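Down below is the structure, laid out as structure tokens.
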Amino acid sequence: MKLDEKTNYIVSGLERSGTSMLMQILYTGDIEISFDNVRKPDDNNSRGYFELNGGKIINLIINGDFKFDEYRAKFIKITAYGLKFLPPGKYKIIYCERNIEEVLDSMEKMIGIKDRNRDDTKKSFIVLNNMIKKEMNNRKDTKILYIEYNEILLNPEKNIKKILNFLNLPYLNLDKMIEVVDKNLYRQRK
Amino acid sequence: MNGIKEKKHTNIQIPTTLANKIKKRIKGTEFASISSYVTYVLREILSDTEEKTEETFTKEDEEKVKKRLRALGYLD
Chain A
0 MKLDEKTNYI VSGLERSGTS MLMQILYTGD IEISFDNVRK PDDNNSRGYF ELNGGKIINL
60 IINGDFKFDE YRAKFIKITA YGLKFLPPGK YKIIYCERNI EEVLDSMEKM IGIKDRNRDD
120 TKKSFIVLNN MIKKEMNNRK DTKILYIEYN EILLNPEKNI KKILNFLNLP YLNLDKMIEV
180 VDKNLYRQRK
Chain B
0 MNGIKEKKHT NIQIPTTLAN KIKKRIKGTE FASISSYVTY VLREILSDTE EKTEETFTKE
60 DEEKVKKRLR ALGYLD
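Which chain is which? The protein sequence lines are A and B, in order. Numbering of the first sequence is given in numbering that gives the first Met the number 0, commencing with residue 0 and proceeding in unit increments. Numbering of the second sequence is given in numbering that gives the first Met the number 0, commencing with residue 0 and proceeding in unit increments.
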């Protein structure tokens with residue numbers, strides 16, 4: 000399904016907040032997304048990461064090396080910290096939010112080590128999340144839709160319709176997109 | 000020896016009318032009981048309240064975030 004040729008589309012949120020699941024939902028709905036296979040699916044993302052540059056797109060954006068004009072009319076994944084460096088343009092962002100304790104648990108599992116400074120880490124990520132949301136809400140070149148990870152698992156139809164409405168797309172592939180949401184992959188539940 | 004076990008749950012009371020509304024709402028969902036739904040809602044509210052901080056994203060915060068992102072493979 001076609002997106003606007005003049006807009007860059009982004010899936011974002013803190014790391015481990017459901018961004019890969021959102022990308023897969025869009026992909027299954029025949030909505031164009033861009034990703035490579037540098038980082039292969041693993042235990043932490045059994046269906047894949049759906050990201051560019053092995054996940055290290057933020058480095059390219061910080062250095063001004065990411066060619067946003069080559070990625071118009073398709074979704075790319077840029078996690079929350081990367082939005083801090085978004086250049087002026089025209090953007091539609093789907094921003095995924097998840098219970099912060101679940102996010103931190105998932106990060107620890109992925110890294111494989113308990114965070115001894117978890118409270119400090121938690122505070123920093125909460126502040127980052129709030130700052131990015133405030134910045135994106137204030138940008139005139141950006142439209143943003145917030146999706147709650149926990150909510151989309153409980154009510155996929157309602158939330159996927161919100162996404163399609165946000166993108167001005169019909170519900171043609173709604174059933175396929177709903178099937179992507181697998182509660183069995185909902186780990187680190189709080 | 001102290002035989003008292005630490006309590007893991009506390010009972011609270013809600014109006015019957017509210018309980019019935021919740022029962023209707025959770026029918027067909029993965030919430031197995033009124034308690035599990037109420038626990039979920041309250042956790043979300045408390046987590047949301049904790050997150051509504053107006054603190055500034057300091058250089059120190061940024062370094063902590065970047066350290067985590069490097070460990071997760073999102074930054075060089």
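Even glycine gets a Cβ: it sits at the ideal position worked out from N, Cα and C. Small disclaimer: the values here were computed from a predicted structure and weren't measured.
Chain B within 7 Å of residue i, Cβ atoms only
| i | result |
| --- | --- |
| leucine 173(A) | no |
| serine 33(A) | no |
| methionine 135(A) | no |
| glutamate 156(A) | no |
| serine 11(A) | no |
| valine 179(A) | no |
| tyrosine 80(A) | yes |
| threonine 27(A) | no |
| asparagine 62(A) | no |
| glycine 111(A) | no |
| valine 37(A) | no |
| methionine 130(A) | yes |
| glutamate 14(A) | yes |
Cβ neighbour criterion (16 or more within 10 Å) applied to residue i
| i | result |
| --- | --- |
| isoleucine 112(A) | exposed |
| glutamine 12(B) | exposed |
| aspartate 119(A) | exposed |
| glycine 105(A) | It should be noted that the sequence gives serine, not glycine, for residue 105(A). Label assigned to serine 105(A): buried. |
| valine 40(B) | exposed |
| lysine 157(A) | exposed |
DSSP three-state assignment for residue i, whether helix, strand or coil
| i | result |
| --- | --- |
| glutamate 4(A) | coil |
| threonine 38(B) | helix |
| arginine 97(A) | coil |
| lysine 195(A) | The requested residue 195(A) is not part of the displayed model; chain A covers only 0 to 189. |
| threonine 55(B) | coil |
| lysine 91(A) | strand |
| glutamate 134(A) | helix |
| leucine 51(A) | coil |
| tyrosine 73(B) | coil |
| isoleucine 25(B) | helix |
| leucine 17(B) | helix |
| isoleucine 61(A) | helix |
| leucine 144(A) | strand |
| arginine 115(A) | coil |
| phenylalanine 124(A) | helix |
| asparagine 129(A) | helix |
| phenylalanine 84(A) | coil |
Below-7 Å beta-carbon distance, residue i vs any chain A residue
| i | result |
| --- | --- |
| leucine 41(B) | no |
| leucine 45(B) | no |
| glycine 27(B) | no |
| alanine 70(B) | yes |
| lysine 63(B) | yes |
| tyrosine 36(B) | no |
| query | Going along the chain, which unbroken runs of the beta strand (DSSP E) with 3 or more residues stay wholly within the stretch 7–48 of chain A? | reply | 7–12
| message | Contact between the stretch 77–93 of chain A and the stretch 9–17 of chain A is defined here as three or more beta-carbon pairs at a separation below 8 Å; is this criterion met? | response | yes
Margin query: Under 8 Å, with one C-beta from each stretch per pair, do the stretch 137–154 of chain A and the stretch 86–106 of chain A reach the 3-pair mark?
Written below: yes
(message) I want to know whether the stretch 65–75 of chain B touches the stretch 54–72 of chain A - three or more CB-CB distances under 8 Å.
(response) yes
* Asked: Using 8 Å as the threshold, is the stretch 12–20 of chain A in touch with the stretch 94–103 of chain A, meaning 3 or more CB pairs across them?
  -> yes
Flag this pair as touching only if the stretch 164–180 of chain A and the stretch 20–29 of chain A have three or more C-beta atom pairs under 8 Å; answer yes or no.
yes
Quiz item: Enumerated in chain order, which unbroken segments of the alpha helix (DSSP H) with a length of 4 residues or greater are wholly contained in the stretch 146–175 of chain A?
Solution: 148–153 and 155–165
Point to revise | Sufficient close CB pairs (3 or more, under 8 Å) joining the stretch 125–137 of chain A to the stretch 55–71 of chain B | key: yes
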